[in-house]
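Asker:
Protein chains: 2
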Amino acid sequence: MSQNIYVGVDVGGTTIKVGICNADGDLLQTYEGPTETSKGTDTILHNIAQYARDIVTESPYEWEQVAGVGVGVAGFLDIPNGIVKFAPNLKIQNVNLKSYLEDKLQVKVLVNNDANVAALGEAWAGAGKGIDNCVCYTLGTGVGGGVIINGKIVEGFAGMAGELGHIAIVPDLEAIQCGCGKMGCLETVSSATGIIKMAKDAVARGDRTTLVSVENIMAKDVIDAAKEGDEVAARIVSRAAYYLGRSMALLSVVLNPECFIIGGGVSKAGEFLFAQIREVYEKYTQNEAKENVKIVAATLGNDAGVVGAAGLILRA
Amino acid sequence: MSQNIYVGVDVGGTTIKVGICNADGDLLQTYEGPTETSKGTDTILHNIAQYARDIVTESPYEWEQVAGVGVGVAGFLDIPNGIVKFAPNLKIQNVNLKSYLEDKLQVKVLVNNDANVAALGEAWAGAGKGIDNCVCYTLGTGVGGGVIINGKIVEGFAGMAGELGHIAIVPDLEAIQCGCGKMGCLETVSSATGIIKMAKDAVARGDRTTLVSVENIMAKDVIDAAKEGDEVAARIVSRAAYYLGRSMALLSVVLNPECFIIGGGVSKAGEFLFAQIREVYEKYTQNEAKENVKIVAATLGNDAGVVGAAGLILRA
Chain S
74 MSQNIYVGVD
84 VGGTTIKVGI
94 CNADGDLLQT
104 YEGPTETSKG
114 TDTILHNIAQ
124 YARDIVTESP
134 YEWEQVAGVG
144 VGVAGFLDIP
154 NGIVKFAPNL
164 KIQNVNLKSY
174 LEDKLQVKVL
184 VNNDANVAAL
194 GEAWAGAGKG
204 IDNCVCYTLG
214 TGVGGGVIIN
224 GKIVEGFAGM
234 AGELGHIAIV
244 PDLEAIQCGC
254 GKMGCLETVS
264 SATGIIKMAK
274 DAVARGDRTT
284 LVSVENIMAK
294 DVIDAAKEGD
304 EVAARIVSRA
314 AYYLGRSMAL
324 LSVVLNPECF
334 IIGGGVSKAG
344 EFLFAQIREV
354 YEKYTQNEAK
364 ENVKIVAATL
374 GNDAGVVGAA
384 GLILRA
Chain D
74 MSQNIYVGVD
84 VGGTTIKVGI
94 CNADGDLLQT
104 YEGPTETSKG
114 TDTILHNIAQ
124 YARDIVTESP
134 YEWEQVAGVG
144 VGVAGFLDIP
154 NGIVKFAPNL
164 KIQNVNLKSY
174 LEDKLQVKVL
184 VNNDANVAAL
194 GEAWAGAGKG
204 IDNCVCYTLG
214 TGVGGGVIIN
224 GKIVEGFAGM
234 AGELGHIAIV
244 PDLEAIQCGC
254 GKMGCLETVS
264 SATGIIKMAK
274 DAVARGDRTT
284 LVSVENIMAK
294 DVIDAAKEGD
304 EVAARIVSRA
314 AYYLGRSMAL
324 LSVVLNPECF
334 IIGGGVSKAG
344 EFLFAQIREV
354 YEKYTQNEAK
364 ENVKIVAATL
374 GNDAGVVGAA
384 GLILRA
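If you read the sequences in order, they're chains S and D. Heads up, the first sequence is in this note's numbering, so the first residue is 74 and it goes up one at a time. Heads up, the second sequence is in this note's numbering, so the first residue is 74 and it goes up one at a time.
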């Protein structure tokens with residue numbers, strides 16, 4: 074028989090992405106189809122199985138080469154049993170996705186949450202390629218994350234490991250409430266939502282800034298204004314960077330990873346953001362814990378989910 | 074051949090403790106001899122090998138049953154290579170302890186730092202028995218720690234994982250400098266040294282307290298005064314408990330361990346301290362991340378080091 078292949082499925086609210094990887098994490102083939110969330114759970118499950126089968130059928134590979142299918146889903150999961158307890162964007166509740174797919178596809182299936190899976194993708198075949206211990210941040214609507222130790226996702230007792238957005242890093246005196254109900258979570262300052270909120274607050278209180286039409290403002294607008302020298306916007310971006318750097322300093326004495334990988338929309342701010350994060354990290358991290366530790370941008374972009382899902386089979 | 078046995082060695086500045094464990098982590102035999110630090114590196118190395126051999130010779134077990142020897146040392150180590158880069162209390166520098174012992178004993182040897190090893194002992198055969206993911210704190214002169222994921226010590230890129238005493242948890246406005254040079258480390262408030270310093274400061278500035286002869290005060294004196302209702306002492310202990318609880322809240326969204334284990338001299342404060350830590354943890358931790366998570370006292374006491382060292386062989 075020829076080489077093993079690994080199928081990854083990234084289930085989003087609108088589209089389901091599938092991909093085929095080899096044992097090195099190279100993405101050999103991809104396909105994308107509609108999730109059809111509005112048609113309900115049965116259709117969604119059927120589509121996942123269908124697309125996973127189709128991509129192999131329409132590829133130069135044989136189904137017999139498939140070593141397993143990994144699936145990434147946003148939501149609350151019972152990871153060991155592959156049960157989706159609640160996936161708000163799919164409106165799915167208490168579905169055993171693992172046993173459904175294993176029954177339909179007759180191959181090993183592993184399910185994990187989207188942030189963990191994206192982190193594994195980057196660690197396996199992206200910015201962390203060749204590195205066994207890393208921590209990944211995804212700076213998007215919220216701040217997601219994943220912790221990879223010895224090449225594997227750290228899932229935690231209730232699947233709550235890697236919830237880096239909820240590290241309470243902002244001191245009480247300047248903390249605001251997070252969507253989770255707690256105060257001072259990292260995502261209140263370092264997510265796109267946090268950046269937008271800080272910009273709106275600044276405009277509402279009359280700060281002198283070039284940010285004016287804040288109704289539909291995006292994090293990118295704030296970052297662009299900061300790059301162009303707007304002091305208010307610059308402070309907002311610095312604050313996002315500061316607490317990211319502080320959280321990394323902290324994780325360095327807990328896990329001492331070789332690499333921090335940052336992806337998601339906000340990370341597109343590029344070196345402007347990264348330089349500030351590194352400066353804070355440098356200042357607040359113990360010498361031994363920061364030596365040769367890298368803070369780098371994710372490289373797989375939207376493919377991280379599919380690649381990481383495929384990687385579940387090798388790295389479980 | 075009969076069952077495998079595992080030899081653990083806990084190298085301290087004054088005494089070297091050795092022990093024999095079975096595969097369940099039961100301590101079958103122990104022995105303790107002088108380190109003879111003042112006689113220099115050669116004597117120390119010789120003693121380690123001698124005691125490890127003697128304990129087996131004088132036991133009902135055969136040397137052939139020894140699956141390996143694990144060694145815990147306080148200091149800066151190159152863990153994968155078993156090199157003691159610098160052990161201040163032993164005055165040892167750049168010694169390949171692993172290869173020395175493997176040569177002398179003709180058996181697999183693994184070396185790790187004392188805090189990691191004690192954590193592994195508790196996780197394997199102490200308060201964490203049966204639990205694969207836990208975080209251990211040792212509240213002594215400093216705050217040591219160890220992170221156990223999937224039953225194994227997380228060592229980190231440069232062996233700096235589990236340095237929980239250096240989590241920068243105290244907000245800048247009330248932070249003091251740690252021995253490591255950074256500000257606001259957990260051990261500035263939650264170690265015996267931190268508690269003593271806070272008591273001395275309180276007396277020096279004239280706080281009204283029953284703590285008077287602070288020259289040779291111990292952390293236990295402060296804890297006892299707190300238990301008896303001294304408000305100043307109570308505040309000091311609460312502060313130690315508060316930042317411990319906050320650090321656990323934080324680690325729960327990063328690693329979501331099943332259990333936090335607290336050992337070391339300060340932990341002897343017992344339920345008085347633990348109740349306060351749990352209250353803070355309960356308040357600051359996300360619901361899903363704290364569900365059924367336990368905060369418990371270490372159970373192996375001074376044997377944790379020997380047991381954990383033996384465990385290195387099984388859990389590496």
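Note that the Cβ used here is the ideal one computed from N, Cα and C, for glycine as well.
Can you find a C-beta in chain D that's less than 9 Å from the C-beta of Ala200(S)?
Answerer: As a working note, residue 200(S) is residue 127 in the first sequence. Taking Cβ atoms only, chain D never reaches closer than 9 Å to Ala200(S), which makes this a no.
Asker: In the DSSP assignment, find the unbroken alpha helix (DSSP H) run with Gln349(D) in it and report its ends.
Answerer: Here residue 349(D) is taken as the residue at index 276 of the second sequence, counted from 1. Unbroken alpha helix (DSSP H) run through Gln349(D): Glu344 to Tyr357.
Asker: Could you name the residues of the same chain whose beta carbon sits closer than 7 Å to that of Phe149(D), not counting the 5 residues immediately before and after it, in chain order?
Answerer: Position 76 of the second sequence, counted from the first residue, corresponds to residue 149(D). Counting only Cβ-Cβ distances below 7 Å, and skipping sequence neighbours, we find Lys158 and Phe159.
Asker: Using a Cβ-Cβ cut-off of 6 Å (strictly less than) and excluding sequence neighbours within five positions of Ala248(S), which residues of its own chain qualify?
Answerer: Taking the first residue of the first sequence as 1, we reach residue 248(S) at position 175. Correct list, in chain order: Met256 and Gly257.
Asker: Are the C-beta atoms of Met321(S) and some chain D residue less than 9 Å apart?
Answerer: The residue you call residue 321(S) lines up with position 248 of the first sequence. Chain D, which has no Cβ nearer than 9 Å to the Cβ of Met321(S), makes this no.
Asker: Let's test the definition: count the other Cβ atoms within 10 Å of the Cβ of Leu324(D) and tell me whether it reaches 16, buried, or not, exposed.
Answerer: For the purposes of this step, residue 324(D) is taken as the residue at position 251 of the second sequence. Buried, by the Cβ-count rule.
Asker: So that I know if they touch, is there some Cβ in chain D lying closer than 9 Å to that of Asn365(S)?
Answerer: Start at 1 with the first residue of the first sequence, and residue 365(S) comes out as number 292. Taking Cβ atoms only, chain D reaches closer than 9 Å to Asn365(S), which makes this a yes.
Asker: Could you check whether Ile89(D) and Ala192(D) sit closer than 9 Å to each other, using their CB atoms as the reference points?
Answerer: Along the second sequence, read from residue 1 onward, the residue named residue 192(D) stands at position 119. Along the second sequence, read from residue 1 onward, the residue named residue 89(D) stands at position 16. Not a contact, by the Cβ cut-off of 9 Å.
Asker: Suppose you measure from the CA of Glu361(D) to the CA of Thr282(D); what does that come to, to the nearest Å?
Answerer: Here residue 361(D) refers to the residue found at position 288 of the second sequence. Here residue 282(D) refers to the residue found at position 209 of the second sequence. Approximately 41 Å, taken between the alpha carbons.
Asker: Just mark Lys171(D) as buried or exposed, buried being the case when its beta carbon has 16 or more other beta carbons within 10 Å.
Answerer: By one-based count along the second sequence, residue 171(D) stands at place 98. By the 10 Å Cβ count, Lys171(D) comes out buried.
Asker: Entirely within the stretch 75-129 of chain D and at least 3 residues each: give me those beta strand (DSSP E) ranges in chain order.
Answerer: You should have 78-84, 88-94 and 100-107.
Asker: Closer than 7 Å by beta-carbon distance: list the chain D residues that pair up with Phe230(S), in chain order.
Answerer: Numbered from its first residue, the first sequence carries residue 230(S) at position 157. Correct list: Asn206, Asn329, Pro330, Glu331 and Val366.
Asker: For the alpha helix (DSSP H) holding Ile334(S), just list the boundary residues, first then last.
Answerer: By 1-based counting over the first sequence, the position of residue 334(S) is 261. Premise fails: Ile334(S) lies in the beta strand (DSSP E), Cys332 to Gly336, not in any alpha helix (DSSP H).
Asker: Could you confirm whether any beta carbon from chain D is found closer than 9 Å to the beta carbon of Gly235(S)?
Answerer: Within the first sequence, residue 235(S) is the residue found at index 162, counting from 1. It does; some Cβ of chain D falls within 9 Å.
Asker: Does Lys363(S) pass the burial test, meaning 16 or more other C-beta atoms within 10 Å, or should it be called exposed?
Answerer: Position 290 of the first sequence holds residue 363(S). Lys363(S) comes out buried.
Asker: So, is the C-beta of Ser75(S) closer than 9 Å to a C-beta in chain D?
Answerer: Residue numbering aside, residue 75(S) sits at position 2 when the first sequence is read from its first letter. Taking Cβ atoms only, chain D never reaches closer than 9 Å to Ser75(S), which makes this a no.
Asker: Give me the Cα-Cα distance between Ile165(S) and Gly252(S), rounded to the nearest whole angstrom.
Answerer: One-based indexing of the first sequence puts residue 165(S) at position 92. One-based indexing of the first sequence puts residue 252(S) at position 179. Cα to Cα, the separation comes out at about 21 Å.
Asker: If we define contact as Cβ-Cβ less than 9 Å, is Asn392(D) a contact residue for chain S?
Answerer: Because residue 392(D) is not part of the residues shown, which for chain D are 74 to 389, the question remains open.
Asker: With distances taken Cα to Cα, identify the nearest neighbour of Val366(D) among Ala377(D), Thr108(D), Arg351(D) and Val243(D).
Answerer: Here residue 366(D) refers to the residue found at position 293 when the second sequence is read from its first residue. Answer by Cα proximity: Arg351(D).
Asker: Taking all protein chains shown into account, decide if Met233(D) is buried (16 or more other Cβ within 10 angstroms of its Cβ) or exposed.
Answerer: The sequence position of residue 233(D) within the second sequence is 160, counting from 1. Buried, since its Cβ has 16 or more Cβ neighbours within 10 Å.
Asker: Based on DSSP bridge pairs, tell me the residues matched to Ala370(D).
Answerer: Here residue 370(D) is taken as the residue at index 297 of the second sequence, counted from 1. DSSP, once it has assigned bridges, lists Ile335(D) as partnering Ala370(D).
Asker: Where are the beta strand (DSSP E) runs, 3 residues long or more, that stay fully inside the stretch 171-200 of chain D, in chain order?
Answerer: Correct list: 182-186.
Asker: Measure from the alpha carbon of Gly213(S) to the alpha carbon of each residue in Asn375(S), Gly381(S) and Val380(S), then state which is nearest.
Answerer: What you label residue 213(S) is simply residue 140 of the first sequence in a count that begins at 1. If we check each option's Cα against that of Gly213(S), Asn375(S) comes out closest.
Asker: Taking 8 Å as the cut-off, does the stretch 235-249 of chain S touch the stretch 377-386 of chain D (at least 3 CB pairs, one atom from each stretch)?
Answerer: They do not touch, by the three-pair rule.
Asker: Helix, strand or coil for Thr266(D)? Go by DSSP, reduced to three states.
Answerer: Residue numbering aside, residue 266(D) sits at position 193 when the second sequence is read from its first letter. Three-state DSSP puts Thr266(D) in a helix.
Asker: At the 9 Å Cβ level, is His239(D) part of the contact set with chain C, yes or no?
Answerer: In the structure shown, chain C does not exist; the protein chains are S and D.
Asker: Does DSSP put Leu150(D) in a helix, a strand or coil?
Answerer: Sequence index remark: in the second sequence, residue 150(D) carries index 77 (1-based). Of the three classes helix, strand and coil, the one that applies to Leu150(D) here is strand, per DSSP.
Asker: For a test of the three-state rule: what should DSSP assign to Ile204(D), helix, strand or coil?
Answerer: Position 131 of the second sequence, counted from the start, is the residue given in the question as residue 204(D). Looking at Ile204(D) - three-state DSSP - the assignment turns out to be coil, as it is neither helix nor strand.
Asker: Quick one: does Phe347(S) have its CB under 9 Å from some CB of chain D?
Answerer: If you number the first sequence from 1, residue 347(S) lands on position 274. No, its Cβ sits nowhere closer than 9 Å to a Cβ of chain D.
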